[in-house]
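These protein sequence lines are chains A and B, in that order.
Those letters in the first sequence? Residues 0 to 454, per numbering that gives the first Met the number 0, in order.
Those letters in the second sequence? Residues 0 to 537, per numbering that gives the first Met the number 0, in order.
A quick write-up on the structure given underneath.
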Amino acid sequence: MSIVLLWTDILVWLLVIVLLVWGRVISRSPQVKKQWHTIFKSSIAMASAIILLFYLLFTLLDSVHLRFAAHSTASNGQTVQYKGDTVSLLDLIFTHNLKSTERTYSAPFATHEYSKSVVVDDKGVTRQAYLPLKHVSRNDDLLVKSFYAVLLGILIGSLIIVLHLFWQSSGNFRELFWRNWKAESTLPWRTAYLTIIILAVLLTWLYMLSFDYHVLGTDKVGGDVLYQSFKSIRTGVLIGILTTLIMLPVAILLGVSAGLFGGWVDDAIQYLYTTLSSIPGVLLIAAGVLSMQVMMDAHPGWFETTLERSDLRLLFLIMILGITSWTGLCRMLRAETLRISQMEFVTAAKAFGVGKFMIILRHIVPNLMHIILISVVLDFSGLVLAEAVLSYVGVGVDPTMYSWGNMINQARLEMARDPMVWWSLFSAFVFMFILVLAANLLSDRVQTVLDPRNR
Amino acid sequence: MGSILTVENLSLAIGKEKLLKSVSFKIKKGEIFALVGESGSGKSLTSLTIMRLLPDVISVSSGDIKLKNRSLFVLPEYQMQKVRGKSIAMIFQEPMSALNPVMTVGEQVAEVIKIHLGLKKDAIKKKAISLFDEVALKDPQERYHWYPHQLSGGQKQRVMIAIALACEPDLLIADEPTTALDVTIQAQVLKLLKKIQAERNLSILFITHDMAVVSQMADRIAVMRYGEIVEQAVCQAFFNAPQHPYTKKLLKDAAKTKEERETKQQSDRLLEVENLKVYFPIKKGFFQRTVGYVKAVDGVTLSIPKGKTLALVGESGSGKSTIGRAILSLVPIADGTVRFGRQNLAGLDQTALKPYRRKIQVVFQDPFSALNPRMTIGDIIREGMISLGVGPKEKTLQDEYIRELLLKVELKEEYVHRYPHEFSGGQRQRIGIARALAVKPELIICDEPTSALDVSVRSQILELLRKLQQESGVSYLFITHDLSIVPAIADEVAVMKEGKIVEQGPVMQVMENPQHAYTQVLLESAPKLPYTIQKRKK
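This is the structure:
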């Protein structure tokens, strides 16, 4: 067994580390700490953040890739032969789903296929029949299993809550619980606990039943839709956050230099982003992705597995999206920098002989932070939706990669069928909707609190 | 004479917090009633209540307002609209934002006349032009078609007055009508208001914070503080024998007199500016070619005495702040020399300038934008020390030094870890002074340090500056537009007009025997307190 590091894996873990370090840094500034405290005072923001955390959890689970040895016993001295497929931790959790592929479409919780097939029975008579599914429980115990799943879910949820309470309090455990429960604490912990319990129950239920049923049905080649939806989380979240990671440094660097230095620097940067934002984004992305595709097809030796191949295409898509989306933020940062650089505290710093770099670092960037934060959370949901649209058009992620856009694209043709195959589309829609809604609600709150005009 | 407006026991509250506490006064026909107070005392709230334009969150908890025996609070909104503009008119502090920038000024006057008087089109225009004539706007026929941005601040305020007068109101509310204007323009506008008031026998509610303006304008005066009227009197009696201690203090702070200072005629010169020119290029076109220059400072010669204060006086746009920035080498100098000791600072690069950066420091006008909102007070003061290498190197010793500085500017030691937004304007200005002092400068350029502050806070800051000068022998270049504070702080005065110095000399000489015509106009325009008060101080 060995760990495989894909490019996007490296970036996503890097981002997590950066976030942790940043969290540590801001926890030292009482001012910023207070602001975040205010953000989470809203119960909607709290619930949204917890939902986003769960999405992030699945992304991280899906970002640890492993390859297993082909033979269980690798004798010493021999180079280990690996299997051709790379699996992530999430795949390990859903192994049963990976193995239990059906022949074709089946509806959620169905016991038979969705359409009739021609069969020849024992007597040699040819007729059409609904074939039974291979990997579905025949016992009629859906309710009983649901009951156990809900119980287990509540148990898991409570465990998380107890752990949180334990971490929060040093002694008075029960007292703290009642204070949180009666909503007497400053942060809305009751909402947080309810969200956690609901999510835990829902996820446990989906997972438990996925052993015996195809909870969200199967697709055209019999793949489990529930599994696909969970795998798509990584693609969506990655595009949402990594694009911003690529875009931010460019936007900050160019925006601040344009605003502070003025003159020809300002002119050059302005011309650059005006030109870039005049080219239709889809055109640029299509051109970029297609030329990348041609290059990858010409060099099949670059990739050991198909996963690496589709991962590189994802990375490239993220970069292209980043290149096309920094202009808006850059323009805002330039305008704000212009305003701040005229403020008297900057003049005072100049009168102290403070260097340009220190002025940017100490006086300008901290005062731009609210704009950057607001635009990051606002852009996130836009980018998740952009992935769906681009994959639908066919210039998004690799067709072999699980993504909501690809799910929608594949389900597109079946919409016209009667009776309709609705579950692929429905699942992609629900998973994406919850993510985007949570991100939007949180960004709304972040904007209300951080934007100085709202004070 | 019957009273036009009666305010009886007016109390306002926002939630449980009381904003106005039982305010009562009467305004008689043909009288100018002045409401005086510092910012936040409730003057403007009172005027908004009279117009019934209060924000929804503020509620009237008790009291009544009567306009000619008709209570305003019981009127339905549509009748109140007729009262506004027709019976009570208002002029505001900021003429820029009170006029609609996309309508010609003529149309804006015509609009009001049309709504309230319902005249024919030609008659409206005729009336508007006659109003412009009355407020002494030149070429009223032509000005009718002008847009607000084509007019100067004083002209805009005249248009505002014309709009207010359009429907021949019974009462005119003037809310700080001249605060945003230069002294000479202020004098003209005040004279105009007084003239119109006399001609039309108008009642005016005059709201201001400036004691000198009040003494020239008002018939009766009410002083407000924390939402209460502390004293109400006829103008003459008010200035001759103020009753309330707060009023006495206000008058004392407003009347600045020369402290006894020894004035050596020939003192050493710390900084000499010779033939200084600062031009800002005007750039146009695709390639940003320079097509001309704005001559902000055009050949200025002045010198700052060692351990003394030079006041630089001038109206807005005269280039006085630019001189300050040029001395700090923050704007490019086109020509001339700035000599500090023996060194000419003009043309030095950043590294060569660094030793002089610690000798010349600056205190700014706006205490709110002068401090970085994301830094603690300690870090703000520390920044210059580290950058210029002044003071101790160890952090604990630096903290000690910063604490001493805070005590020196009469703040508390424990403010070190606080952020700027927790402080009032006056306290922030003290922090700004501490920041400048941290590098032990020999010259501090004070760029209008008191113009954003209330009268009483202003006198405290001036007092602090004077004390620091006596302790450390620092020199000040005190840039201001306010002539009334010059005798209190300065040893010498330089008067500036359109980028040039028209007169420089010792304070007493310039203030009492001005040579240049412009200085004479300035001194005449400046509103003065009655002679009795100035006398009493001595």
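Note that the Cβ used here is the ideal one computed from N, Cα and C, for glycine as well.
Query: A/Trp-180 burial status per 10 Å Cβ neighbour count (16 or more: buried); Result: exposed
Query: Where A/Asn-179 sits in the DSSP three-state scheme; Result: helix
Query: Beta strand (DSSP E) runs contained entirely in the stretch 193-268 of chain B, provided each spans 3 or more residues; Result: 202-207, 219-224, 227-233
Query: Sequence-distant residues of the same chain with beta carbon closer than 7 Å to B/Pro-366, five excluded per side; Result: Gly-424, Arg-427, Gln-428, Gly-431, Ala-451
Query: Contacts of B/Pro-372 in chain A (Cβ-Cβ under 8 Å); Result: Asn-366
Query: Any C-beta of chain A under 9 Å from that of B/Lys-353; Result: yes
Query: Nearest-angstrom beta carbon gap, B/Ser-320 and B/Asp-446 [assumed within contact, 8 Å]; Result: 6 Å
Query: Short-range partners of chain A found in the stretch 313-335 of chain B, where Cβ spacing is below 7 Å; Result: Leu-327, Leu-329
Query: Proximity below 9 Å, CB of A/Leu-55 to CB of A/Val-236; Result: yes
Query: Beta-carbon neighbours of B/Leu-275, restricted to chain A and to distances below 8 Å; Result: Under the 8 Å cutoff, chain A gives no residues; its nearest Cβ is about 18 Å from B/Leu-275.
Query: Host beta strand (DSSP E) of B/Gly-298 (start-end); Result: 288-304
Query: Sequence-distant residues of its chain with Cβ nearer than 6 Å to A/Asp-211 (five each side left out); Result: Ser-136
Query: CB of B/Ile-359 within 9 Å of CB of B/Leu-370, strictly; Result: no
Query: Three-way DSSP call (helix, strand, coil) for B/Gln-426 in this model; Result: helix
Query: Exposure label - B/His-148; buried when at least 16 CB within 10 Å; Result: exposed
Query: Test: B/Leu-387 CB closer than 9 Å to a CB of chain A; Result: yes
Query: Backbone secondary structure at B/Asn-68 - three-state DSSP; Result: coil
Query: Spatial neighbours of B/Gly-62 in its chain, beta-carbon cut-off 6 Å, leaving aside the 5 residues before and after; Result: Glu-7, Asn-8, Leu-9, Ser-10
Query: Supposed contact pair A/Lys-144 and A/Met-207 - C-beta distance, whole angstroms, cut 8 Å; Result: 6 Å
Query: Contiguous beta strand (DSSP E) assignments of at least 3 residues, all confined to the stretch 458-500 of chain B; Result: 474-479, 491-496
Query: Any chain A beta carbon closer than 9 Å to B/Gly-383; Result: yes
Query: Rounded separation between B/Lys-536 and B/Ala-236 - CA only; Result: Confidence is the limiting factor: at B/Lys-536 the pLDDT is only 46, short of 50, which leaves the residue's position unreliable and the question unanswerable from this model.
Query: Within chain A, partners of B/Val-415 - CB distance below 9 Å; Result: Simply none; closest approach about 13 Å.
Query: Span of the beta strand (DSSP E) around A/Tyr-113; Result: 111-119
Query: For A/Gln-80, the first and last residue of its enclosing beta strand (DSSP E); Result: Careful: A/Gln-80 lies outside any beta strand (DSSP E) and carries neither H nor E.
Query: B/Ala-369 at chain A interface by Cβ criterion, 9 Å; Result: yes
Query: B/Met-540 classed as buried or exposed, judged by whether at least 16 other C-beta atoms fall within 10 angstroms; Result: The requested residue 540 of chain B does not occur in the structure, where chain B is confined to residues 0 to 537.
Query: Nearest-angstrom Cα separation, counted from A/Ser-276 out to A/Leu-202; Result: 42 Å
Query: DSSP-derived helix/strand/coil call for B/Val-438; Result: coil
Query: Spatially closest choice to B/Asp-334 from B/Pro-419, B/Ile-162, B/Lys-294, by CA coordinates; Result: B/Lys-294
Query: Coil, strand or helix - B/Cys-166 by DSSP; Result: coil
Query: Cβ-based neighbour list, A/Ile-284, same chain, cut-off 8 Å, excluding 5 preceding and 5 following; Result: Leu-316, Ile-319, Leu-320, Thr-323, Leu-389, Val-394
Query: Span of the alpha helix (DSSP H) around A/Arg-308; Result: 305-340
Query: Beta-carbon neighbours of A/Met-456, restricted to chain B and to distances below 7 Å; Result: Since the displayed chain A opens at 0 and closes at 454, residue 456 of chain A lies outside it and no answer follows.
Query: Nearest candidate by alpha-carbon position, reference B/Gln-548, set B/Phe-477, B/Val-492, B/Leu-136, B/Asp-218; Result: Residue numbering for chain B in the displayed model covers 0 to 537; residue 548 of chain B lies beyond these limits and cannot be assessed.
Query: Contact set between A/Gly-216 and chain B, taken where Cβ atoms lie within less than 9 Å; Result: The premise fails here: A/Gly-216 is roughly 53 Å from chain B at the closest Cβ pair, so nothing lies under 9 Å.
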